[in-house]
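S.K.: Provided herewith is a single structure, encoded as structure tokens, for subsequent inquiry.
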Amino acid sequence: MREPAFWYRPRSPKSHLLSPLGALYGAITARRMARKGFDAGIPVLCVGNYHVGGAGKTPTVLALTKLLRDLGETPVVLSRGYGGRLHGPVMVDRERHTAADVGDEPLMMVRDVPVAVARDRLDGVALAKSQGATVILMDDGFQNPKLLKDASLIVIDSERGLGNGRVFPAGPLRAPLRAQLARTDALVLIGDGHAADGVAGDISARGKPVLRARLRPDAAAVAQLFGKPVLAFAGIGDPGRFFRTLRASGIEVARTRPFADHHMFSRDELAALAADAQREQLILVTTEKDLARLRGAEGAPDGIVPFAVQLDFDDPARLRQLICDHLYEARERRFGAR
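At position 161 of the sequence shown the residue is numbered 236 (our numbering), and the sequence of numbers has no breaks.
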């Protein structure tokens, strides 16, 4: 879906009218979140959002994957496979699966880490453990109570924040903020903005860490595009962030085409993008997640350049210590008395 503009306005008649539905939805979700989940038997680290839409979960998962491997762990990502037709449990295979099968994010991440897709996350746990996982990285699922989480890291785009702060459908929140703050173990603010400073203050007041991070563009992608006008398109939670990242990297963005999150491009849409680019002598550029959806798509133009990014933390030593502490505590809870 495309996020309604009124979610990011301070006052809106639509938001006011939808507030009773948001209050009901929020109460149900908060009650579900309070349930005790199933213990996977190994540490479970969840990377989630307070709100619907994207904020940088996938780059955060990949950054944690690298850190965990540096610590000698064997991480496996557990994903619901949003947008894919397979219910799982299934290990994602780039040779056999497309985004229509398992979703775009799992197909993108599997280049760097094994990914188990399962609508029922408990089935996914068993599959991940069969692959030798010592740690499960949950991609999303913070509000889902089925699985016990040893630590939940919440990602927020510091430029967008949480919009009007109301619960879906009146706003972007998935549950009342207070209920979500209580279950947060660390906050990851991406970017240099100040829209999430209030939330960061609440987390800090609870004695939980707030980590700052930034998306760093791949140097090879920047070099390939530098000095060449581009037509940028993206079907992610916040296409504007992608366009801003391109411009901040010195890329000449001549035209942009935003699409809804997880958008499945039609043949006509791809033909229109290719025609516009050819007519104006522009290079087509998109995100790695969008390119994952385009693999095998009928009518996908040749020569689309993926603009890769990597998440860099301002204080990597603090992140490393945080993860080490949570892994130790998770294992101490399970095995310390033995």
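Cβ atoms here follow ideal geometry from the backbone N, Cα and C, with glycine treated the same way.
Give, in chain order, every unbroken run of the beta strand (DSSP E) that is at least 3 residues long and sits entirely within the region 301-377.
M.R.: 305-309, 328-333 and 358-361
S.K.: So, does the region 393-409 touch the region 299-317, judging by three or more C-beta pairs under 8 Å?
M.R.: In short, these stretches do not touch, since the Cβ pair count stays below three.
S.K.: How big is the Cα-Cα spacing for Pro244 and Gly315?
M.R.: Your numbering for residue 244 matches position 169 in the sequence shown. Your numbering for residue 315 matches position 240 in the sequence shown. If I take the Cα positions, the gap works out to 22 Å.
S.K.: Rounded to the nearest angstrom, what separates Phe388 and Arg342 at their Cα positions?
M.R.: In the sequence shown, residue 388 corresponds to position 313, counting from 1. In the sequence shown, residue 342 corresponds to position 267, counting from 1. Near 39 Å, if we compare the C-alpha coordinates of Arg342 and Phe388.
S.K.: Cutting at 8 Å between CB atoms, please list the residues of its own chain near Ala201, excluding the five before and the five after it.
M.R.: The residue you call residue 201 lines up with position 126 of the sequence shown. Same-chain partners within the cutoff: Pro164.
S.K.: Checking 7 Å against the spacing of the C-beta atoms, do Val177 and Met184 come in under that value?
M.R.: Here residue 177 corresponds to residue number 102 of the sequence shown, with the count starting at 1. Here residue 184 corresponds to residue number 109 of the sequence shown, with the count starting at 1. No, the Cβ-Cβ distance between Val177 and Met184 is not below 7 Å.
S.K.: Taking just the CA atoms, how far does Phe340 sit from Leu248?
M.R.: Sequence index remark: in the sequence shown, residue 248 carries index 173 (1-based). Sequence index remark: in the sequence shown, residue 340 carries index 265 (1-based). Distance between the alpha carbons of Leu248 and Phe340 is about 27 Å.
S.K.: For the alpha helix (DSSP H) that contains Leu212, what are its first and last residues?
M.R.: Counting from 1 along the sequence shown, the entry for residue 212 is found at position 137. Careful: Leu212 lies outside any alpha helix (DSSP H), inside the beta strand (DSSP E) at Val210 to Asp214.
S.K.: With a threshold of 16 other CB atoms inside 10 Å of the CB of Leu197, please say whether the residue is buried or exposed.
M.R.: Start at 1 with the first residue of the sequence shown, and residue 197 comes out as number 122. That one is exposed.
S.K.: Using 7 Å as the threshold, is the C-beta distance between Leu137 and Asp187 below it?
M.R.: In the sequence shown, counting from the first residue as 1, residue 137 sits at position 62. In the sequence shown, counting from the first residue as 1, residue 187 sits at position 112. It is a contact, given that the beta carbons lie within the stated cut-off.
S.K.: Is it buried or exposed, Phe81, if we count other Cβ atoms within 10 angstroms and call 16 or more buried?
M.R.: As a working mapping, residue 81 is identified with position 6 in the sequence shown. Label assigned to Phe81: buried.
S.K.: With a cut-off of 8 Å, do at least 3 Cβ pairs link the region 219-229 to the region 115-124?
M.R.: Put simply, the region 219-229 touches the region 115-124. At least three CB pairs are less than 8 Å apart.
S.K.: Quick one: residues in its chain with C-beta nearer than 6 Å to the C-beta of Arg89, no 5 flanking neighbours on either side, listed in chain order?
M.R.: Within the sequence shown, residue 89 is the residue found at index 14, counting from 1. In the sequence as displayed, the identity of residue 89 is Lys instead of Arg. The residues are Phe81.
S.K.: Is DSSP giving Arg289 helix, strand or coil here?
M.R.: Residue numbering aside, residue 289 sits at position 214 when the sequence shown is read from its first letter. Arg289 falls in the strand class under three-state DSSP.
S.K.: Among the candidates Ala98, Val328, His337 and Gly159, whose CA atom is the shortest distance from the CA of Leu252?
M.R.: Within the sequence shown, numbered from 1, the residue matching residue 252 stands at position 177. It is Ala98.
S.K.: With DSSP as the reference, label Phe418 as helix, strand or coil.
M.R.: What the structure shows of the chain is the stretch from 76 to 413, and residue 418 is not part of that stretch, so it cannot be assessed.
S.K.: Please name the residue, chosen from Thr259, Ala270 and Val151, that lies closest to Ile278 on a Cα-to-Cα basis.
M.R.: Looking up residue 278 in the sequence shown gives position 203. Measuring from the Cα of Ile278, the nearest candidate turns out to be Thr259.
S.K.: Met108 and Ala254: beta carbons closer than 7 Å?
M.R.: The residue you call residue 108 lines up with position 33 of the sequence shown. The residue you call residue 254 lines up with position 179 of the sequence shown. Against a cut-off of 7 Å, the Cβ pair of Ala254 and Met108 comes out as a contact.
S.K.: If the criterion is Cβ atoms closer than 7 Å, does the pair Glu78 and Thr133 meet it?
M.R.: Stepping through the sequence shown from its first residue, residue 78 is reached at position 3. Stepping through the sequence shown from its first residue, residue 133 is reached at position 58. Going by C-beta atoms, Glu78 is not nearer than 7 Å to Thr133.
S.K.: According to DSSP, which residues form a beta bridge with Gly399?
M.R.: If you number the sequence shown from 1, residue 399 lands on position 324. Here residue 399 is Cys; the residue named in the question, Gly, does not match the sequence. Cys399 is not bridged to any residue.
S.K.: Who are Phe388's beta bridge partners in DSSP?
M.R.: Counted from its first residue, the sequence shown places residue 388 at position 313. Answer is Ala288, bridged to Phe388.
S.K.: Got a sec? Which residues, its chain only, sit under 7 Å from Val127 by beta carbon, not counting five neighbours each side?
M.R.: In the sequence shown, counting from the first residue as 1, residue 127 sits at position 52. Only Phe243, Pro247 and Arg249 meet the Cβ criterion.
S.K.: Is Thr209 near Thr149, with beta carbons less than 7 Å apart?
M.R.: Here the question's residue 209 lines up with position 134 in the sequence shown. Here the question's residue 149 lines up with position 74 in the sequence shown. Contact: yes.
S.K.: Taking the Cβ atom as the reference point for each residue, do Val328 and Phe317 lie within a distance shorter than 7 Å?
M.R.: Here residue 328 refers to the residue found at position 253 of the sequence shown. Here residue 317 refers to the residue found at position 242 of the sequence shown. Remark: C-beta atoms of Val328 and Phe317 do not approach each other more closely than 7 Å.
S.K.: Assuming Arg281 and Leu256 make a contact with CB atoms under 8 Å, what is their CB distance in whole Å?
M.R.: As a position in the sequence shown, residue 281 is number 206, starting the count at 1. As a position in the sequence shown, residue 256 is number 181, starting the count at 1. Going by Cβ atoms, the distance from Arg281 to Leu256 rounds to 7 Å, so yes, they are a contact pair.
S.K.: For the putative contact between Gly112 and Lys221, defined by C-beta atoms under 8 Å, what is the C-beta separation to the nearest angstrom?
M.R.: For the purposes of this step, residue 112 is taken as the residue at position 37 of the sequence shown. For the purposes of this step, residue 221 is taken as the residue at position 146 of the sequence shown. About 6 Å; that satisfies the 8 Å criterion.
S.K.: Could you pull out every unbroken beta strand (DSSP E) segment of at least 3 residues lying fully inside the region 78-133, listed in chain order?
M.R.: Fully contained in the region 78-133 are the following beta strand (DSSP E) runs of length 3 or more, in chain order: 119-123.
S.K.: Suppose you measure from the CA of Val380 to the CA of Gly159; what does that come to, to the nearest Å?
M.R.: What you label residue 380 is simply residue 305 of the sequence shown in a count that begins at 1. What you label residue 159 is simply residue 84 of the sequence shown in a count that begins at 1. In a straight line, the C-alpha of Val380 is about 24 Å away from that of Gly159.
S.K.: What separation, rounded to the nearest whole angstrom, lies between the Cα atoms of Ser154 and Ala350?
M.R.: As a working mapping, residue 154 is identified with position 79 in the sequence shown. As a working mapping, residue 350 is identified with position 275 in the sequence shown. Distance between the alpha carbons of Ser154 and Ala350 is about 36 Å.
S.K.: State the CB to CB distance for the pair Thr361 and Phe308, rounded to an integer number of angstroms; the pair is presumed to be in contact (CB under 8 Å).
M.R.: On the sequence shown, residue 361 is found 286 positions in, with the first residue counted as 1. On the sequence shown, residue 308 is found 233 positions in, with the first residue counted as 1. Indeed they touch by this definition, with Cβ atoms about 5 Å apart.
S.K.: With Val305 and Val263 assumed to form a contact (beta carbons below 8 Å), what rounded beta-carbon distance in angstroms separates them?
M.R.: Translated into positions along the sequence shown, residue 305 becomes position 230. Translated into positions along the sequence shown, residue 263 becomes position 188. With a Cβ gap of about 29 Å, Val305 and Val263 do not count as contacting.
S.K.: Measure the alpha-carbon distance for Ala347 versus Ile117 and round it to whole angstroms.
M.R.: Here the question's residue 347 lines up with position 272 in the sequence shown. Here the question's residue 117 lines up with position 42 in the sequence shown. Distance between Ala347 and Ile117, taken at the CA atoms: about 48 Å.
S.K.: Quick check on this structure: which residue in Asp272, Leu369, Ile358 and Lys283 has the alpha carbon closest to the alpha carbon of Gly238?
M.R.: In the sequence shown, the residue the question calls residue 238 occupies position 163. Checking every option, the nearest Cα to that of Gly238 belongs to Asp272.
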